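These notes are about the structure you will find just below.
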Amino acid sequence: MYSSVDVIWTLIGTALVFFMQAGFALCEAGMTRAKNTGNIIMKNLMDFCIGTPAYWFVGFGIMFGGSGALIGGFDPFIRGTYDFGTLPTLCYVIFQTVFCATAATIVSGSMAERTNFKAYCVYSGLISLIVYPISGHWIWGGGWLSSLGFHDFAGSTAVHMVGGVSACIGAKILGPRIGKYDKNGKAHAIPGHNLMAAALGVFILWFCWFGFNGASTVAMSTDADMISASRIFMNTNMSAAVATCTVMIFTWLRYKKPDVSMSLNGSLAGLVAVTAGCDMVTTTGAFFIGLIAGILLVLSVEFFDNVAKIDDPVGAISVHGVCGATGTLLTGLFAQDGGVFYGGGFHFFGVQVLGVVSVMLWVIVMMTIIFKVIDKFIGLRVPSEVEIEGLDYHEHGLISAYAGFNLSEVSTGMEVNENTDLGESDYEKASEKQKAVSVPVTTTRSAGGAGTGMYKVSIIAKYAKYEALKSALNELGVTGMTVTQVMGCGIQKGIGERYRGVEMDVTVLPKMKVEVIVGSIPVEKVIETAKKVLYTGHIGDGKIFVYEVMKVVKVRTGEEDFQALNDVE
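The sequence shown stops at residue 2018 when you use this note's numbering, and every number in between is there.
Printed below as a string of structure tokens:
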């Protein structure tokens, strides 16, 4: 017979675990750059939406469809008969579905800002179809680890370590983001664009974790169930709070200031670590699990950044992979029933070690194969130009995830002008075509012109061309320049995109403006050099504006004109 209390409790927990997707989306978006916010949202959305039918199709059957040691069974579309005690089959199915989606979405943050969206969608389906269900069967579906007594109550290993290790493999194969490491291998910080969003995401995750851990009792109808759930809630909160305090103090001592983003990660580290044993440890045990997780998180983030050189924008490898594995092992030490610190000897701890190592090896092997195959046939990483300009625009046709800052309304009402590519990708051949169709322009110096022979060259171009342009101008002898970030469009109104199926009137694109003053260097050489560097043959290559300079004055010395352009004592 079904229990209405148990069903309601489990379904409430299901809703809370689903809402973790919002927390992950906010946390990951806030800890990455604004130009990739829409891409982060899409990945978190599609993790759940691709994983749901994939898990329904075969994943659930593999995980719970039999009692084999290594794999459950093949039950497409869940047509078999199951016995989940006081819960209807579909109640248990949807509860497990949201856990599967959580494992899949962990990978999004570590692979952020440089992953091909098509490749990511394929990964998301495969982890829900095969990788997560098989190791999940070992732990929760009656497989070989559960028969040995391996304990992972709500998924420190089954969910979080699986996601964290997958994230590590994916980030390693992808390589670091452009600009993360200098030529000597020193890591550079790439701050997230919105700590408020990241903080809100962490608070949502913390709130939802009470459902993640607490509702894993899948029962609330007896006194024992109520006592167990109360303990789980208390332990979950204690570990998270202590881990956060630990990270704050540790980073305060280590970096001379308490680190905000690391403290946010500390909360998640404590939550992940206690998830395996929240039903078996005392509140004191949860305290020490949080303490250890907090210290380990900081050291782990530093290790992957500075030693392993694996670029993890949000710290998911450390939070979910390292702290998930550690929390499972600590259960073998702090569990009241069988833990080393409670006189249980090392048998239970040994089983915990075996479980963590075996699941880790399974995920490493499978995810390496999956990511390598995806990389070969689809391409795992976007081109460098796409990465520099942002995945939002190139992958989703989204100029900005923050439309209020787009300024597109300023240009409404501009006349449409048809503009096509030159149809020639080779610069030299294109130059001949340009000469053939160009119209000579005669300019006349104004009556008051000083004729200094100095010119200001203002270049509007794509961000991706900055380094190449800077190097080319430096080689030419131009060393002084002013660089600003600008938004704008030419008479072709940017590149037409659609939002919710409707073509946008004007697309104002992010560009860079490089300004240089030249005197001794012929201005024609500067123009020709810039054209060669910027040319691709496509709309949006940019424009070059040349202005006569009437006077230059150096403030420090009072020197004027050519002397003012030099900095020789």
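All C-beta atoms, glycine included, are put in the ideal place defined by N, C-alpha and C. Just so it is clear, the structure is predicted and the values come from calculations on it, not from any experiment.
Using a Cβ distance threshold of 8 Å, residue 1479 and residue 1641 count as a contacting pair. Secondary structure within the segment 1676-1739: the alpha helix (DSSP H) runs of 4 or more consecutive residues, fully enclosed, are 1709-1723 (chain order). Contact between residue 1488 and residue 1477 is absent: CB atoms are separated by about 10 Å, not below the 8 Å threshold. DSSP places residue 1934 in the uninterrupted beta strand (DSSP E) bounded by 1931-1937. It is roughly 7 Å from the alpha-carbon of residue 1589 to the alpha-carbon of residue 1595. Residue 1968 has its alpha-carbon roughly 14 Å from the corresponding atom of residue 1907. If you compare the alpha carbons of 1472, 1975 and 1690 with that of residue 1647, the shortest gap goes to 1472.
Excluding sequence positions up to five before and after residue 1626, its CB lies within less than 6 Å of the CB of 1562, 1563 and 1760, all in the same chain and listed in chain order.
In chain order, 1646, 1649 and 1650 place their CB closer than 6 Å to the CB of residue 1475, counting only its own chain and leaving out the 5 sequence neighbours on each side. CA-to-CA, the gap between residue 1501 and residue 1461 works out to about 18 Å.
A straight-line Cα-Cα distance of about 10 Å links residue 1914 and residue 1920. If you ignore the 5 residues before and after residue 1782, its C-beta comes within less than 7 Å of the C-beta of 1788, 1789, 1790 and 1798, all in its own chain and listed in chain order.
Per DSSP, residue 1907 is one residue of the beta strand (DSSP E) stretching across 1904-1910. In the DSSP assignment, residue 1961 falls within the beta strand (DSSP E) that extends over 1958-1967. Counting the other Cβ atoms within 10 Å of the Cβ of residue 1764 gives 16 or more, which makes it buried.
Within its own chain, the residues whose Cβ lies closer than 6 Å to the Cβ of residue 1538, once the five positions on either side in sequence are excluded, are 1531, listed in chain order. Counting C-beta pairs with one atom in each stretch, the segment 1731-1743 and the segment 1600-1616 have fewer than three that are closer than 8 Å, which means they do not touch. Just measuring C-alpha positions, the residue of 1523, 1739, 1723 and 1825 sitting nearest residue 1605 is 1723. Separation of residue 1552 and residue 1582 (C-alpha to C-alpha, rounded to the nearest whole angstrom) is 11 Å.
The beta carbon of residue 1909 sits closer than 6 Å to those of 1960, 1962, 1991 and 1992, all from its chain and outside the five residues before and after it, given in chain order. Beta-bridge partners assigned by DSSP to residue 1881: none are found. Nearest to residue 1806 by C-alpha distance, out of 1584, 1548 and 1822, is 1584. In this structure, the straight-line span from the alpha carbon of residue 1802 to that of residue 1608 is close to 16 Å. By the CB criterion at 8 Å, residue 1978 and residue 1925 fall inside the cutoff. Shown here, residue 1527 sits in coil according to DSSP, grouped into three states, outside any helix or strand. In this structure, the beta-carbon distance from residue 1618 to residue 1817 falls below 8 Å.
Spatial neighbours of residue 1668 in its own chain (CB-CB distance under 6 Å, excluding positions within 5 residues in sequence) are listed in chain order as 1455 and 1674.
Contact between residue 1876 and residue 1997 is absent: CB atoms are separated by about 28 Å, not below the 8 Å threshold. For residue 1993, the secondary structure class from DSSP, reduced to helix, strand or coil, is strand. Beta-bridge annotation (DSSP): residue 1564 is paired with 1830.
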